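Asks: So in the working numbering, spot 13 of the sequence shown is number 254, and the numbers just go up one at a time.
Ideal placement from N, C-alpha and C gives every residue a C-beta, glycine not left out.
All of these numbers come straight from a predicted model, not from anything done at the bench.
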Amino acid sequence: MIDETAILFKMVLSFFSCVCLILSDRVKRRWTAGHFMVQ
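1) Cα separation between I263 and V253?
2) How big is the Cα-Cα spacing for A274 and D266?
3) Give me the Cα-Cα distance between D244 and R270, rounded to the nearest whole angstrom.
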C-alpha cells in the first residue's frame, strides 16, 4: 500500500516537473521573441 502510493507520488511529481519545464520553455521562447521584436 505504502509502496504503491510512493510510486504514484513519484510519477505525479515527475509528470508535473515535465509540464513545468515545457511551460517555462514556452514562456522563455515567447518572452525572447517579444524582446527581439521590441529591439
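Replies: Based on what the coordinates show:
1) 15 angstroms
2) 12 angstroms
3) 39 angstroms
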